[in-house]
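Here's the structure we're looking at; comments come further down.
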Amino acid sequence: MTLKHKDLQQIAAAEEQRQQGFQHRIHVCQAAGCLSCGSREVQESLEQVVADRELEQEVQVKGVGCLGLCSAGPLVAVASADRLYQGCAPTDAGSIVDGLTSTAKTDADGAGTLPFFSKQHKIVLENCGSIDPERIEEYIAAEGYAALYTVLREMTPAEVIEEITRAGLRGRGGAGYPTGLKWSTVAKALRQTRYVICNADEGDPGAFMDRSVLESDPHRVLEGIAIAAYALGAAQGFIYVRAEYPLAVKRLRKAIAQAERLGILGKNICNSGFSFDLQLRLGAGAFVCGEETALIASIEGLPGKPRPRPPYPAESGLKGCPTLINNVETFANIAPIIRRGSDWFAAIGTEKSKGTKVFALAGRVCRTGLIEVPMGTSLTEIVFEIGGGIPDQGRFKAVQTGGPSGGCIPEQYLHMGVDYESLAQVGSIMGSGGMIVMDQSSCMVDVARFFMEFCMSESCGKCVPCRVGTTQLHALLSKITQGRATPGDLATMEELCDLVKNTSLCGLGQTAANPVLSTLRYFRDEYRAHIDNQRCPAHHCSMATTRERP
Amino acid sequence: MNHSPASRNSQENTPPPRILTLQIDGQDLSGRADETILEIARQNKIHIPTLCRLDGLSGHGGCRLCLVEISGQNRPVPACLTYPQEGMVISTASQRLQDYRRKILELLFSERNHVCAVCVSNGHCELQELAVELGLSHVRYEYLHPRLEVDGSHARFIRDPNRCVLCLRCVRVCAEVEGAHTWDVMGRGISSRVITDLNQAWGSSQSCTACGKCVQVCPTGALSEKGTSVAEMIKHRHFLPQLLAMRTNRRE
Amino acid sequence: MNKARIATTWLDGCSGCHMSLLDIDERLVELAEQIELVYSPLVDTLDFPEAVDIALVEGAVGNEDDLKKLQLIRKQSRLLVALGDCAVTANVPAMRNAFKLEEVLRHVYTATASSQLQLPKEEVPPLRDRVRPLHAYVEVDLFLPGCPPPSEAIFFLLSELLAGRIPDLSAKSRFGA
Numbered sequence: 004m005t006l007k008h009k010d011l012q013q014i015a016a017a018e019e020q021r022q023q024g025f026q027h028r029i030h031v032c033q034a035a036g037c038l039s040c041g042s043r044e045v046q047e048s049l050e051q052v053v054a055d056r057e058l059e060q061e062v063q064v065k066g067v068g069c070l071g072l073c074s075a076g077p078l079v080a081v082a083s084a085d086r087l088y089q090g091c092a093p094t095d096a097g098s099i100v101d102g103l104t105s106t107a108k109t110d111a112d113g114a115g116t117l118p119f120f121s122k123q124h125k126i127v128l129e130n131c132g133s134i135d136p137e138r139i140e141e142y143i144a145a146e147g148y149a150a151l152y153t154v155l156r157e158m159t160p161a162e163v164i165e166e167i168t169r170a171g172l173r174g175r176g177g178a179g180y181p182t183g184l185k186w187s188t189v190a191k192a193l194r195q196t197r198y199v200i201c202n203a204d205e206g207d208p209g210a211f212m213d214r215s216v217l218e219s220d221p222h223r224v225l226e227g228i229a230i231a232a233y234a235l236g237a238a239q240g241f242i243y244v245r246a247e248y249p250l251a252v253k254r255l256r257k258a259i260a261q262a263e264r265l266g267i268l269g270k271n272i273c274n275s276g277f278s279f280d281l282q283l284r285l286g287a288g289a290f291v292c293g294e295e296t297a298l299i300a301s302i303e304g305l306p307g308k309p310r311p312r313p314p315y316p317a318e319s320g321l322k323g324c325p326t327l328i329n330n331v332e333t334f335a336n337i338a339p340i341i342r343r344g345s346d347w348f349a350a351i352g353t354e355k356s357k358g359t360k361v362f363a364l365a366g367r368v369c370r371t372g373l374i375e376v377p378m379g380t381s382l383t384e385i386v387f388e389i390g391g392g393i394p395d396q397g398r399f400k401a402v403q404t405g406g407p408s409g410g411c412i413p414e415q416y417l418h419m420g421v422d423y424e425s426l427a428q429v430g431s432i433m434g435s436g437g438m439i440v441m442d443q444s445s446c447m448v449d450v451a452r453f454f455m456e457f458c459m460s461e462s463c464g465k466c467v468p469c470r471v472g473t474t475q476l477h478a479l480l481s482k483i484t485q486g487r488a489t490p491g492d493l494a495t496m497e498e499l500c501d502l503v504k505n506t507s508l509c510g511l512g513q514t515a516a517n518p519v520l521s522t523l524r525y526f527r528d529e530y531r532a533h534i535d536n537q538r539c540p541a542h543h544c545s546m547a548t549t550r551e552r553p
Numbered sequence: 607m608n609h610s611p612a613s614r615n616s617q618e619n620t621p622p623p624r625i626l627t628l629q630i631d632g633q634d635l636s637g638r639a640d641e642t643i644l645e646i647a648r649q650n651k652i653h654i655p656t657l658c659r660l661d662g663l664s665g666h667g668g669c670r671l672c673l674v675e676i677s678g679q680n681r682p683v684p685a686c687l688t689y690p691q692e693g694m695v696i697s698t699a700s701q702r703l704q705d706y707r708r709k710i711l712e713l714l715f716s717e718r719n720h721v722c723a724v725c726v727s728n729g730h731c732e733l734q735e736l737a738v739e740l741g742l743s744h745v746r747y748e749y750l751h752p753r754l755e756v757d758g759s760h761a762r763f764i765r766d767p768n769r770c771v772l773c774l775r776c777v778r779v780c781a782e783v784e785g786a787h788t789w790d791v792m793g794r795g796i797s798s799r800v801i802t803d804l805n806q807a808w809g810s811s812q813s814c815t816a817c818g819k820c821v822q823v824c825p826t827g828a829l830s831e832k833g834t835s836v837a838e839m840i841k842h843r844h845f846l847p848q849l850l851a852m853r854t855n856r857r858e
Numbered sequence: 075m076n077k078a079r080i081a082t083t084w085l086d087g088c089s090g091c092h093m094s095l096l097d098i099d100e101r102l103v104e105l106a107e108q109i110e111l112v113y114s115p116l117v118d119t120l121d122f123p124e125a126v127d128i129a130l131v132e133g134a135v136g137n138e139d140d141l142k143k144l145q146l147i148r149k150q151s152r153l154l155v156a157l158g159d160c161a162v163t164a165n166v167p168a169m170r171n172a173f174k175l176e177e178v179l180r181h182v183y184t185a186t187a188s189s190q191l192q193l194p195k196e197e198v199p200p201l202r203d204r205v206r207p208l209h210a211y212v213e214v215d216l217f218l219p220g221c222p223p224p225s226e227a228i229f230f231l232l233s234e235l236l237a238g239r240i241p242d243l244s245a246k247s248r249f250g251a
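Protein chains in written order, with our numbering: chain X, 4 to 553; chain P, 607 to 858; chain W, 75 to 251.
Here's what the structure looks like:
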């Protein structure tokens, strides 16, 4: 079928009418975090109570994507009354429904004014927690696919790229490469067969931004990919998502099927003459497959191992054709930029880093969860206002950003606004958005050891410095945490860090030493204490052993 | 295994490769745009150490010994897979590169059980020769001493993973030249293992043609002929360029 | 002229490096004029003497005794030379490192022995978990790999040292040679 603008409007109007028909709207978080602590049962119980009281016409109970405050799940929001119930059990259903008609104030009231929410600025997550991710109608009612329609009917591919370039959007996968520039490079390539790939192989420990977006608002990502495909003249695209995200996979499958049914994906989209076929590819969970050349090899059916760049995928990617690879969050920013204009987007954030960034706030912080803040928001605001500070009267020690490729940022930089440049300046990276807060109970050597263990077991094994270097670094770090290291080991370790960083084949190895280098930079004393005095200042490492080998 | 960038000559309507001028170690040279820096260096008698590289097989880029520095780029690049650009200034033997190469070699020696004294390839081993060439007198990293089983199930050959450096020449020659694809890699990172078929004993491999190409291209004693004792395994690598030349001639 | 005080010893090795040392043959006489062999398996001295100029150590560190000896040698010698692959890489003795110590002992002393099936307990130094090269424990000044290093290389090493030069050994021997 051919979708026309008025069809979209009709779907939106019908959906709005449907929503308006309810006096009360109860949203139950059905993203992975809340699901894991029983939110499905909470929703079923709510539905049961509503049915028992014959309130189906007045009260809507619906499953939504991530409500953000993951530490307090299962979460139930009364969207019609700015109320957020935390830590719900199925037995709370009765009182939640009672509360709908009561005027008495509860603890759940005024959720919107909690700093956790009021400090945030949602673009990527604007629909998260408010729409049902499994219904395309709700996405369309929230202005969904309007941008794609505009692009197809009113803009040339060059204009689309220009708009994205002017917005100043940079890749959200980690390195912050300007998205507009990447798109224009692919668009300029000589070969006519081009591909668009969405990198949804999120794998940093503690990071769940992409998963939440895919689980909560999959159509937004589809729309961004389709717009990119139009801008580059790509007829085929792939979403490479890890199989460990079954819910995201399920919702993506459903979303693609829904979009195809409406003619938003497929042949002659919206009668524009543009056709685009989008498929899912599941990764088997190798971290290195998030590296773009390894990802391409994996889609091609080869072992997921990287190859040296250049040539970059923009020139020679999937099947040797020009290929655009962007991350989930990057694509999720595209539709709002087209809808509201590049000027609007460019006004948010800092001079060199525009827009917002989604972070998965985790670790020793009172309120963990999924947050979205303008670029340039200070770490203090993120950790102490949004995150509510350190629990149990703990003392802030460092925040780790950028996962295994990133670094630890100490207290003295808390005032710093978070953007690509500032993080790089203090020895870390933006990365994909993992943010792990640590207090005095964290041993920084052990943190470095943890990330090195991760890199060691995720190294593909193709190049020697990464394969053996990470193993040797891990052995040295273990030696330090066990109190068996000598000052010479520290020197060997630093020199190995330099080797692995400069001679590894791909980004995994080239950044694997970052957690060590950044902790050495700010917490060298802790290393020294382990080595010189066999003492762990955080009282974390057990130093009892003096055996020769663990 | 070969997913190197699509062969540069197969692209539609590619004009003949350009001739570029570049500088390697202070020498002004010319080279074709479709030749790697390693090839150009070799044509000009500039020696760059290599291990995984073998003429006649696709590039791999895994051993990192052929890293060279390009002026203006901080990170060294593998000469075996990097193509020149007009005016490129390349250095192949700086102190930094020599240090890196030696350390990479140290890592390789520490990874498996390279007991040269009792190895069939002692005296005819590329890893051993590299240690001499790069002046490696000892290994400062802790030896990992993994426990690996020798596979003697094949009628004619022996696979000893203790000596393997994961250069994957065997995998490439088997897939690209013999066309059998008996060899592949299992696992990842430090647990990577070169295996036959689906990790079955070599002797029971259904795909192996027993041609022995893998044995001849193996740079160390990881693959050897049965019946050879210490220092007796001498590899004959010249078969590969000869075979490939014969094939090319037949085609033309 | 004062003669250089030279000590040689073997730890966990096969004594092959010492054989290679003896293979220097008639030039040993030449060397003897410049050196005083203060400690060696080839002489009678029981205790490692003080103020040694050059100590040649063959073999890896495989048991507690090796380690104690090595530490004493390091303390009392000006230059410590790791002589041969066992000292430099731990070589053949380290082939047991892929196995658990207990497994090794059981295999050698009970599974494959034909008489007196028991693990040694007294009068032998306890084995360490892993066999490691000298530099894993002490600072080593010069490394001469080889199994054994050619006598030519040992002669070169000694004559250079005696001439007051630190020799460049890189082209003289190799692992396994």
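The beta-carbon is built from N, C-alpha and C at its ideal position, and this holds for glycine as well.
Shortest alpha-carbon distance to residue i belongs to which of the options?
| i | options | result |
| --- | --- | --- |
| T473/X | I710/P, A723/P, M792/P, P621/P | I710/P |
| Q46/X | K322/X, I99/X, A262/X | I99/X |
| A227/W | L141/W, L95/W, P207/W | L95/W |
| R367/X | V199/X, K504/X, D442/X, P311/X | D442/X |
| I147/W | H209/W, K195/W, L191/W, T184/W | H209/W |
| L268/X | F241/X, Q63/X, Y530/X, V189/X | F241/X |
| K270/X | R284/X, E44/X, A238/X, E294/X | A238/X |
| I374/X | D535/X, L321/X, Q485/X, I439/X | I439/X |
| L218/W | P167/W, A168/W, V162/W | V162/W |
| H760/P | P752/P, S813/P, C773/P | S813/P |
| H543/X | G171/X, F277/X, S445/X | S445/X |
| A134/W | R79/W, V205/W, D242/W, S233/W | V205/W |
Tell me the residue span of the beta strand (DSSP E) that contains residue i.
| i | result |
| --- | --- |
| S151/W | 151-157 |
| Y183/W | Counting along the chain, Y183/W falls outside any beta strand (DSSP E), and DSSP gives it neither H nor E. |
| G410/X | 410-413 |
| A78/W | 78-84 |
| N202/X | 198-203 |
Since residue i is in the alpha helix (DSSP H), which residue starts that stretch and which ends it?
| i | result |
| --- | --- |
| W789/P | It is not in any alpha helix (DSSP H) - W789/P instead sits in the beta strand (DSSP E) that spans 789-792. |
| N719/P | Element bounds for N719/P: n/a, residue is neither H nor E. |
| L184/X | 182-191 |
On the DSSP bridge assignment, give the partners of residue i in chain order.
| i | result |
| --- | --- |
| M438/X | L364/X, T404/X |
| V62/X | H27/X |
| V135/W | R206/W |
| Looking at chain W, which residues of the stretch 749-773 of chain P have a Cβ within less than 7 angstroms of any of its Cβ atoms? | Within the stretch 749-773 of chain P, the residues whose Cβ lies closer than 7 angstroms to some Cβ of chain W are Y749, H751, P752, R753, listed in chain order.
| said: Please give me, in chain order, every unbroken run of the alpha helix (DSSP H) with length at least 4 that falls completely inside the stretch 228-297 of chain X. | reply: 249-264
| query | For the stretch 466-482 of chain X, which residues have a CB atom closer than 7 angstroms to at least one CB atom of chain P, in sequence order? | reply | C466, V467, P468, R470, V471, G472, T474, Q475, A478
| request: Check distances from the C-beta atoms of the stretch 309-341 of chain X to those of chain P and list, in chain order, the residues that come in under 7 angstroms. | output: R310, P311, P314, S319, G323
| Mind listing which residues of the stretch 824-853 of chain P have their C-beta closer than 8 angstroms to chain X's C-betas, in chain order? | none
| field | Positions along the stretch 705-735 of chain P whose CB lies within less than 8 angstroms of some CB in chain X | value | Y706, K709, I710, L713, L714, S716, E717
| Given a limit of 7 angstroms on CB to CB distance, which residues of the stretch 214-231 of chain W reach chain P? | For the stretch 214-231 of chain W, the beta-carbon criterion of a distance under 7 angstroms to any beta-carbon of chain P is satisfied by F217, P219, C221.
| request: Select from the stretch 451-466 of chain X all residues with a C-beta closer than 8 angstroms to any C-beta belonging to chain P, and list them in chain order. | output: M459, S460, E461, S462, C463, G464, K465, C466
| said: Please list, in chain order, the residues of the stretch 154-185 of chain W that have any C-beta partner in chain P closer than 8 angstroms. | reply: A156, D159, V162, T163, A164, N165, V166, A168, M169, N171, A172, F173
| request: Starting from the N-terminal side, write out each stretch of the alpha helix (DSSP H) that is 4 residues or longer and does not extend beyond the stretch 464-547 of chain X. | output: 467-484, 490-506, 510-515, 517-536
| request: With 9 angstroms as the C-beta to C-beta threshold (strictly closer), list the residues of the stretch 671-690 of chain P near chain X in chain order. | output: Listed in sequence order: L671, L673, N680, R681, P682, V683, P684, L687, T688, Y689.
| message | To be precise: take each residue of the stretch 262-294 of chain X, compare its Cβ to all Cβ atoms of chain P, and keep it if any distance is under 9 angstroms. Which residues remain? | response | So the list reads A289, V291, given in the order they occur along the chain.
| Members of the stretch 248-259 of chain X that neighbour chain P once the beta carbon cut-off is set at 7 angstroms | Within the stretch 248-259 of chain X, no residue has a Cβ that lies closer than 7 angstroms to any Cβ of chain P.
| query | Which parts of the stretch 743-805 of chain P are runs of the alpha helix (DSSP H), unbroken and 4 residues or longer, counting only runs that do not cross its ends? | reply | 775-778
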